[in-house]
Amino acid sequence: MQRRDFLKKGATAGAGAVAATSIIGAPAIAQERIEIAMVSTWPRDFPGLGTGAQRFAERVNAMTDGRIVIEYFAAGERVGAFDSFDEVASGNAQIYHGAEYYWKGKHPGFAYFTSVPFGLTANEINGWVRFGGGQELWDELAADFGLKGLMCGNTGVQMGGWFNKEINSADDFKGLKMRMPGLGGDVIAKLGASPVSLPGGQIYENLVSGAIDATEWVGPWNDEIMKFYEAAKYYYYPGMHEPGAMLAIGMNNDWWQGLSKSDQLIIEAAASMENEVMMSEYMAKNGAALTRLINDQGVELRQFNDDVYDAFGRASDEVYAEVVEHSDLARRIHESFLQARTDIGGWTQLSDQAYVQQRNRVLGM
Ligand code: CA
16 MQRRDFLKKG ATAGAGAVAA TSIIGAPAIA QERIEIAMVS TWPRDFPGLG TGAQRFAERV
76 NAMTDGRIVI EYFAAGERVG AFDSFDEVAS GNAQIYHGAE YYWKGKHPGF AYFTSVPFGL
136 TANEINGWVR FGGGQELWDE LAADFGLKGL MCGNTGVQMG GWFNKEINSA DDFKGLKMRM
196 PGLGGDVIAK LGASPVSLPG GQIYENLVSG AIDATEWVGP WNDEIMKFYE AAKYYYYPGM
256 HEPGAMLAIG MNNDWWQGLS KSDQLIIEAA ASMENEVMMS EYMAKNGAAL TRLINDQGVE
316 LRQFNDDVYD AFGRASDEVY AEVVEHSDLA RRIHESFLQA RTDIGGWTQL SDQAYVQQRN
376 RVLGM
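One gets my numbering by counting positions in the sequence shown from 1 and adding 15 to each.
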């Protein structure tokens, strides 16, 4: 008997008390034990990115009292970092945690769901994805590859990168071999650099050996752990390429669609919580790490000058002109992003930006 029929019959027959008892008992019996595999693009226990992904997995286990068991595999433990997408799209694993811009070779639209040059800050991208049409476009894009994505972490504004020479003009990028994934890599390519996309676990060895001349990674807290200062002493800010790098879980869409509504909500809640927790940790730890890098490691902090930033801007325009030619979906994602940058970014200028500027001026910061 269908439960709806049962309810109706129970009510019409005037046997409400009996019906209610049976209905309350029913859903508990149907609770299904779920065991799945989760892969990621991060080294095991890497602070922030890796520990955040692991916290998400542990949180789902804990929220369900062990009913949903996620076995977590860091980069290289099951598949290589950049094989995470195919592992989940194919159904070999059910979830990955990573940065969507690693998949720009599959479709440039993915880059927008991490961060793009002259893009959105963490608060701004949360607004776009949740209330500005971003999630709907992301769903359309991911579904084309058999996936479903959700926000699950953010690093905030990233640093511009580590260089073994000063960057005083756009010409200083000519011939530079630099680790920079996403559309940011395409931007520095327009300036004559050779961008490479390496997973986090392989950057240090490439920088120390001289296989690459420069790298970006995240920000002071993470970059200090990577010891990049041993091979490059100029540390530039701010990064035009990742003003608020959003991390994500990608799930096999057939598996996701087969979950009960309550299990979907549990996963959404765990991902949403990590989206906020990870950002909080970066905000709490970056400042002190930067002080240590300068005072203890002799790192030379530098700001990209306006000429360099103007060149980044012109190169970004060229990159975006190519992205929108890729496909109708790429164009719609770009246009939605542009609208969000105007609407949400305009408000940021009058709110966070104007306030912080005045606060720090008055305090002499
Ligand atoms: Ca980065």
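C-beta: ideal position from N, C-alpha, C; glycine also.
Check: With 16 other CB atoms within 10 Å as the buried threshold, where does T36 fall?; Outcome: Confidence at T36 is low in this model, with a pLDDT of 46, below 50, so the placement of that residue should be treated as unreliable; the coordinate-derived value is given next. So T36 counts as exposed.
Check: With DSSP as the reference, please indicate the residues paired to T230 in a beta bridge.; Outcome: W177, R194
Check: Using the C-alpha atoms, what's the distance from V314 back to T363?; Outcome: 31 angstroms
Check: Thinking just about the alpha-carbon of each residue, which of L262, F88, R48 is nearest to the one in V233?; Outcome: L262
Check: Ignore the nearest five residues each way along the sequence and tell me which others in A96's own chain have a CB closer than 6 angstroms to its CB.; Outcome: T56, A90, P214
Check: For R74, is the classification buried or exposed, using 16 other Cβ atoms within 10 angstroms of its Cβ as the cut-off for buried?; Outcome: buried
Check: Is the beta carbon of I83 less than 7 angstroms from the beta carbon of I110?; Outcome: no
Check: Using only the alpha-carbon positions, how far apart do D311 and V339 sit?; Outcome: 45 angstroms
Check: In its own chain, which residues sit with a C-beta less than 7 angstroms from the C-beta of Y127, not counting the 5 before and 5 after it?; Outcome: I348, F352
Check: Measuring alpha carbon to alpha carbon, tell me which of H256, E139, M288, N290 ends up nearest E195.; Outcome: A small fix is needed here, since residue 195 is Met in this sequence, not Glu. For the residues H256, E139, M288, N290, the minimum Cα distance to M195 belongs to H256.
Check: Assign Y117 to buried or exposed, taking buried as 16 or more other Cβ atoms, counted over all protein chains shown, within 10 Å of its Cβ.; Outcome: buried
Check: Under the three-state reduction of DSSP, which class applies to M166: helix, strand or coil?; Outcome: strand
Check: To the nearest angstrom, report how far apart S99 and Q279 are at their CA atoms.; Outcome: 21 angstroms
Check: In the DSSP assignment, find the alpha helix (DSSP H) that holds L353 and state where it starts and stops.; Outcome: 343-363
Check: Compare the C-alpha of A158 against each of V103, I203, A185 and name the closest.; Outcome: V103
Check: Can you tell me which of V334, N169, G190 puts its alpha carbon nearest to the alpha carbon of W288?; Outcome: The residue you asked about is not Trp; residue 288 is Met in the sequence shown. Nearest of V334, N169, G190 to M288, Cα basis: N169.
Check: May I ask whether a heavy atom of ligand 1 can be found less than 6 angstroms away from the beta carbon of Q217?; Outcome: no
Check: Would P258 and G134 be called neighbours here (beta carbons separated by less than 7 angstroms)?; Outcome: yes
Check: In chain order, which continuous runs of the alpha helix (DSSP H) of length 4 or greater are located wholly inside the region 62-141?; Outcome: 64-78, 99-104
Check: Count the other C-beta atoms from every protein chain shown that fall within 10 angstroms of the C-beta of R18, then say buried if there are 16 or more, exposed otherwise.; Outcome: Because the pLDDT of R18 is 41, which lies under 50, any placement of that residue in the model is unreliable, and the number read from its coordinates should be weighed accordingly. It is exposed - the Cβ of R18 has fewer than 16 other Cβ atoms within 10 Å.
Check: Examine ligand 1 and report whether any of its heavy atoms sits within less than 6 angstroms of the Cβ of Q173.; Outcome: yes
Check: Would a check of beta-carbon distances place R82 closer than 7 angstroms to chain C?; Outcome: Judged by its chain identifiers, the structure shown contains no chain C, having just a single protein chain.
Check: Would you say the beta carbon of E115 comes nearer than 6 angstroms to a heavy atom of ligand 1?; Outcome: no
Check: With G124 and L156 assumed to form a contact (beta carbons below 8 angstroms), what rounded beta-carbon distance in angstroms separates them?; Outcome: 5 angstroms
Check: For F88 and A52, which I take to be in contact (beta-carbon distance under 8 angstroms), what is that distance rounded to the nearest angstrom?; Outcome: 7 angstroms
Check: Between which two residues does the beta strand (DSSP E) harbouring I51 extend?; Outcome: 49-55
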